[in-house]
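Enquirer:
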Amino acid sequence: MSADLFQSQLEFEAADGAAEAGEALMVDIDGYEGPLHVLLMLARQQKVDLLKLSITRLAEQYLAFVQEARRRRFSLAADYLVMAAWLAFLKSRLLLPRPERPAEKGPEPEEMAAALAFRLMKLEAMRKAVENLKVRPQLKRDVFTRGDPEAQVVIPSRQVDATLYDLMVAYVSQRTKEAQRLYTPMAVEAFPLDDARDRLRDMLPRLKAWTGLRTVAPRAHPDAGPSQASFVASTLSASLELVKDGLLEARQLDAFEEIYLRSREVGFPLELTP
Amino acid sequence: MSASFHDPAEVERMVEALLFAAAGPLSLEDLQRRLPEGADAVAALQAVRDRYAGRGVELETVADRFRLRTAPDLAWLMTEEREEPRRLSKAALETLAIIAYHQPVTRADIEQVRGVSLNKGTLDLLLEMGFVRLRGRRRSPGRPVTYGTTDLFLEQFSLATLADLPGAAEMKAAGLLDMGVPAGFEVPDPSRAEDPVDLLSLDEGDDDAPEFAQDFVGEE
Amino acid sequence: MSASFHDPAEVERMVEALLFAAAGPLSLEDLQRRLPEGADAVAALQAVRDRYAGRGVELETVADRFRLRTAPDLAWLMTEEREEPRRLSKAALETLAIIAYHQPVTRADIEQVRGVSLNKGTLDLLLEMGFVRLRGRRRSPGRPVTYGTTDLFLEQFSLATLADLPGAAEMKAAGLLDMGVPAGFEVPDPSRAEDPVDLLSLDEGDDDAPEFAQDFVGEE
């Protein structure tokens, strides 16, 4: 099963052209609503008191909805499938002949159906509440307080203007700052001096002519390894050691000018350590 | 200042001026504090209310406080003053309504009513806009934080008190605002289904899975 | 909107609302432009002027433009208490938050969490506002004074007890704690914080805490 089964949001285009007929699949949900919203929409199509709702019919409608949605290759959140499973289960229990002995466990299917209808009523009530709130006269949309900011006299309130939310925000912003302070920077990778020295010794035969330090130093890799500055610095340090050993000559024409290196013509014999 | 401070007509003028000048709604105490000693703010408020009734500007009670505002039926005239309100998504509005009608509510309560888990940004946005506040903790296991609405919410929606929420009394009478589900009335809550492995197993036709799941889940 | 746009009483209401909600004085042209076609703005203005004459709010003409303003003789009512509402500075709010969650805390504790030295005025202000109190002394070198919050603090933030302060879970739920939360991040539960050792009265051997507090406040 694809991972997108579990995506929390799903978007359906409104099935605009769907027929008015009761069985027609009317998909009109946005990404933030769940199976309960779909059930409520389907229940409305039965046009009865939610408590007198036919749960078996509702279950059929919902299963058809889920099937149709999947047929159209809409990815479907897991929530929808769990509800489908539960509804199918409930429907089967409602339709099965009642066993002689009382059910060994679990509530009666009628009770479960009533509970579902009640939940739908609760959600429906909140849907109505939203509609009621939306038509209330809203400040700065329908009703307006005095508009002249110049002439406004500020009447002080004895209350301090800070909410618990402000307090939380203030707290969190500091604690996260604190966390940032404890952050340890990544260790900088340097070009080891020993490597620089060895490399420079190897290069000596090729440094017959004056060569700029920057040319002598290795090129830094843009993504990994020591920085260019580290290569140059270590190579400079190594070159000074070799100058001291009499193997190399260095010159600089002026402060901040390029430093030139070349191997020394006459010098002390090389003393290579075994 | 020559007029007596206790002349009701004079006190009415003062209340009128204070309400007009105030930066926000004023409480009875706010008014009383500013009026001369012994002035009857309640009577003055009533007089102002009567005087402005049906006018282009009216006295309104919001969040147990008082303010002057333009008449709602003239909204169409106020095009230049209108501010495009920050649009709340359907989910945010529904969440706000649940908090308003059921308060104090926990996050789990909200999710239970909506049947979906609450999107991360939703509550955050409502808190940030100042419509919702943290109210306290419920004395139940886990001591979850409860949410409620603010005075700003009442001011925004022109509500005098929470009792004035439209339809609240009827919903309460019908038991629709109760959080508790009667015993044995448990409906599985898909939004709480947190273990994806279980869901997967339905699909794979695992032996443990109820067979009916095959009907519609296994077809892909 | 059922009333005729040309009913003079209706036009008067409109002019009243427009003047009230306008951000500045309106000219006759401004009014005419915003009123329905054919409405008599001049007559309406005159009606508004007459209606408000002698009231707490009056119609004023400035440079051929019109606005509502409070009656000049009531100016004393307005000007006497012109002051900004009390707002906590960012530093004060942050300090208060640290004290609330980490109490009992010393000054050094606060500075350590905030990463900046604590301004003397900040703590004084919180003490003066009554949100913060001296709790005692810590039994550690220097015996530093510890701070905690007061009942007024609980009242301001509508908290029944300190245990009701939102914890890390709620901060996450509100989207405040998002990314980069270090592994060991914990929000202390101040209701569990105990400092049995260092209650003031134990420390000083007398019950007169306020006197001690005075000593302390004056010390720095």
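So the protein lines, in turn, are chains A, B and C.
Under this note's numbering, the first residue of the first sequence is numbered 1, with each subsequent residue one higher.
Under this note's numbering, the first residue of the second sequence is numbered 275, with each subsequent residue one higher.
Under this note's numbering, the first residue of the third sequence is numbered 495, with each subsequent residue one higher.
Cβ coordinates follow ideal geometry from the N, Cα and C atoms, glycine included.
Computed from a predicted structure; not experimentally measured.
Whole angstroms is fine: what's the gap from C/Leu568's alpha carbon to B/Glu286's?
Expert: The residue labelled residue 568 of chain C in the question sits at position 74 within the third sequence. The residue labelled residue 286 of chain B in the question sits at position 12 within the second sequence. Rounded to whole angstroms, C/Leu568 to B/Glu286 spans 12 Å at the Cα level.
Enquirer: Assuming A/Ser239 is part of the alpha helix (DSSP H), what are its boundary residues?
Expert: Here residue 239 of chain A refers to the residue found at position 239 of the first sequence. Per DSSP, A/Ser239 belongs to the alpha helix (DSSP H) from 228 to 244.
Enquirer: Report yes if the C-beta distance between B/Phe340 and B/Leu305 is below 9 Å; otherwise report no.
Expert: Position 66 of the second sequence, counting from 1, holds the residue named residue 340 of chain B. Position 31 of the second sequence, counting from 1, holds the residue named residue 305 of chain B. Yes, the pair counts as a contact, with Cβ atoms nearer than the cut-off.
Enquirer: Inspect the CB distances between the stretch 311 to 329 of chain B and the stretch 282 to 302 of chain B and report whether three or more fall short of 8 Å.
Expert: yes
Enquirer: Would you kindly work out how many angstroms separate the C-alpha atoms of C/Leu670 and B/Leu401, rounded to a whole number?
Expert: Taking the first residue of the third sequence as position 1, residue 670 of chain C is located at position 176. Taking the first residue of the second sequence as position 1, residue 401 of chain B is located at position 127. Approximately 11 Å between the Cα atoms of the pair.
Enquirer: If you measure between the beta carbons of C/Ala565 and A/Tyr165, is that distance less than 9 Å?
Expert: Residue 565 of chain C sits at position 71 when you count from the first residue of the third sequence. Residue 165 of chain A sits at position 165 when you count from the first residue of the first sequence. The answer is no: Cβ separation not under 9 Å.
Enquirer: Compute the distance between the beta-carbons of B/Thr396 and B/Ala437, then report whether it is under 9 Å.
Expert: Stepping through the second sequence from its first residue, residue 396 of chain B is reached at position 122. Stepping through the second sequence from its first residue, residue 437 of chain B is reached at position 163. For B/Thr396 and B/Ala437, no; Cβs fall outside 9 Å.
Enquirer: Pull up the CB-CB distance for A/Ser239 and A/Leu248, whole angstroms please, since I reckon it's below 8 Å.
Expert: On the first sequence, residue 239 of chain A is found 239 positions in, with the first residue counted as 1. On the first sequence, residue 248 of chain A is found 248 positions in, with the first residue counted as 1. Right, their Cβ atoms sit about 6 Å apart.
Enquirer: When DSSP labels each residue in this structure, what does A/Glu285 get in the three-state scheme?
Expert: This structure does not reach residue 285 of chain A, given that chain A is present from 1 up to 274, and the question cannot be answered.
Enquirer: If you pair each beta-carbon of the stretch 105 to 118 of chain A with each one of the stretch 377 to 384 of chain B, do three or more pairs fall below 8 Å?
Expert: no
Enquirer: In the DSSP output, what is C/Leu520 paired with across the bridge?
Expert: As a first step, residue 520 of chain C is located in the third sequence; it is residue number 26 there, counting from the start. For C/Leu520, which the question treats as bridged, DSSP gives the partners C/Phe560.
Enquirer: Tell me which same chain residues have a C-beta within less than 7 Å of the C-beta of A/Asp79, skipping the five on either side of it?
Expert: For this step, residue 79 of chain A is matched to residue 79 along the first sequence. Around A/Asp79: Gly34, Pro35.
Enquirer: Going by alpha carbons, who is nearest to A/Asp49 out of A/Thr163, A/Met203, A/Pro149, A/Glu124?
Expert: As a position in the first sequence, residue 49 of chain A is number 49, starting the count at 1. Among A/Thr163, A/Met203, A/Pro149, A/Glu124, the Cα nearest to that of A/Asp49 is on A/Glu124.
Enquirer: Just mark A/Phe256 as buried or exposed, buried being the case when its beta carbon has 16 or more other beta carbons within 10 Å.
Expert: Against the first sequence, residue 256 of chain A aligns to sequence position 256. A/Phe256 comes out exposed.
Enquirer: Give a yes or no on whether the minimum CB-CB distance between B/Ala443 and chain A is below 9 Å.
Expert: Along the second sequence, one-based indexing puts residue 443 of chain B at 169. For B/Ala443, the answer is no, since every Cβ of chain A falls outside 9 Å of its Cβ.
Enquirer: Determine which residues share a DSSP beta bridge with A/Arg262 and list them.
Expert: To locate residue 262 of chain A, count along the first sequence from 1; it is residue 262. According to DSSP, A/Arg262 bridges with A/Glu249.
Enquirer: Rounding to the nearest angstrom, what Cα-Cα distance links C/Phe651 and C/Pro660 in this structure?
Expert: Here residue 651 of chain C refers to the residue found at position 157 when the third sequence is read from its first residue. Here residue 660 of chain C refers to the residue found at position 166 when the third sequence is read from its first residue. The straight-line gap from Cα to Cα measures roughly 11 Å.
Enquirer: Can you give me, in chain order, the residues of the stretch 339 to 368 of chain B that have a beta carbon less than 9 Å from any beta carbon in chain C?
Expert: Leu342, Arg343, Thr344, Ala345, Asp347, Leu348, Trp350, Leu351, Met352, Thr353, Glu354, Glu355
Enquirer: Determine the chain B residues that contact C/His685 at a beta-carbon separation under 7 Å, and present them in chain order.
Expert: For this step, residue 685 of chain C is matched to residue 191 along the third sequence. Note that residue 685 of chain C is Ser in the sequence shown here, rather than His. In chain order: nothing, as chain B lies at least about 10 Å away.
Enquirer: Can you tell me where the beta strand (DSSP E) holding C/Gly630 begins and where it ends?
Expert: For this step, residue 630 of chain C is matched to residue 136 along the third sequence. Residues 626 to 631.
Enquirer: Is the CB of A/Lys122 under 9 Å away from at least one CB in chain B?
Expert: In the first sequence, residue 122 of chain A corresponds to position 122, counting from 1. So, interface residue.
Enquirer: Alpha carbon to alpha carbon, what distance is there between C/Glu649 and C/Gly624?
Expert: Here the question's residue 624 of chain C lines up with position 130 in the third sequence. Here the question's residue 649 of chain C lines up with position 155 in the third sequence. Those two C-alpha atoms are separated by around 11 Å.
Enquirer: Report the rounded CA-to-CA distance for A/Phe65 versus A/Arg136, giving the unit in angstroms.
Expert: Here residue 65 of chain A refers to the residue found at position 65 of the first sequence. Here residue 136 of chain A refers to the residue found at position 136 of the first sequence. Whole-angstrom Cα-Cα distance: 35 Å.
Enquirer: Establish whether the CB of C/Ala602 and some CB of chain A are separated by less than 9 Å.
Expert: Residue 602 of chain C sits at position 108 when you count from the first residue of the third sequence. Answer no: the Cβ-Cβ gap between C/Ala602 and chain A never drops below 9 Å.
Enquirer: Going by DSSP, what residue range makes up the beta strand (DSSP E) through A/Thr215?
Expert: Here the question's residue 215 of chain A lines up with position 215 in the first sequence. Element bounds for A/Thr215: not the beta strand (DSSP E) but the alpha helix (DSSP H), 213 to 216.
Enquirer: Can you tell me whether DSSP reads B/Leu439 as helix, strand or coil?
Expert: By one-based count along the second sequence, residue 439 of chain B stands at place 165. Coil, per DSSP.
Enquirer: Along the chain, where does the alpha helix (DSSP H) that runs through B/Gly395 open and close?
Expert: The residue you call residue 395 of chain B lines up with position 121 of the second sequence. Where B/Gly395 is concerned, the enclosing alpha helix (DSSP H) stretches over 394 to 403.
Enquirer: Is A/Pro137 close to chain B? Criterion is C-beta to C-beta, closer than 9 Å.
Expert: Position 137 of the first sequence, counted from the first residue, corresponds to residue 137 of chain A. Interface residue, yes.
Enquirer: Would you give the residue range spanned by the beta strand (DSSP E) that C/Val639 belongs to?
Expert: Numbered from its first residue, the third sequence carries residue 639 of chain C at position 145. It spans 639 to 643 - the beta strand (DSSP E) in which C/Val639 sits, taken as one unbroken run.
Enquirer: Any beta carbon from chain C within less than 9 Å of A/Met126's own beta carbon?
Expert: The residue labelled residue 126 of chain A in the question sits at position 126 within the first sequence. Between A/Met126 and chain C, the shortest Cβ-Cβ separation is not below 9 Å.
Enquirer: Under three-state DSSP, which class holds C/Val551?
Expert: Residue mapping note: residue 551 of chain C aligns to position 57 of the third sequence, counting from 1. It is a strand residue.
Enquirer: How about C/Met508: is its C-beta nearer than 9 Å to some C-beta of chain A?
Expert: Taking the first residue of the third sequence as 1, we reach residue 508 of chain C at position 14. Judged by the 9 Å Cβ criterion, C/Met508 is not in contact with chain A.
Enquirer: Output yes if chain B places a C-beta closer than 9 Å to the C-beta of A/Thr145; else output no.
Expert: As a first step, residue 145 of chain A is located in the first sequence; it is residue number 145 there, counting from the start. Yes, because at least one Cβ of chain B sits closer than 9 Å to the Cβ of A/Thr145.
Enquirer: Taking only beta-carbon positions, decide if A/Tyr171 is within less than 9 Å of chain E.
Expert: The chain labelled as chain E is not found among the protein chains of the depicted structure, namely A, B and C.
Enquirer: Hey, quick one: how far does the alpha helix (DSSP H) through C/Thr589 stretch, first residue to last?
Expert: Stepping through the third sequence from its first residue, residue 589 of chain C is reached at position 95. 584 to 596 is the span of the alpha helix (DSSP H), which, as asked, contains C/Thr589.
Enquirer: So the candidates are B/Glu368, B/Ala291, B/Lys394; which of them puts its Cα closest to the Cα of B/Arg388?
Expert: Translated into the one-based positions of the second sequence, residue 388 of chain B becomes position 114. Answer by Cα proximity: B/Glu368.
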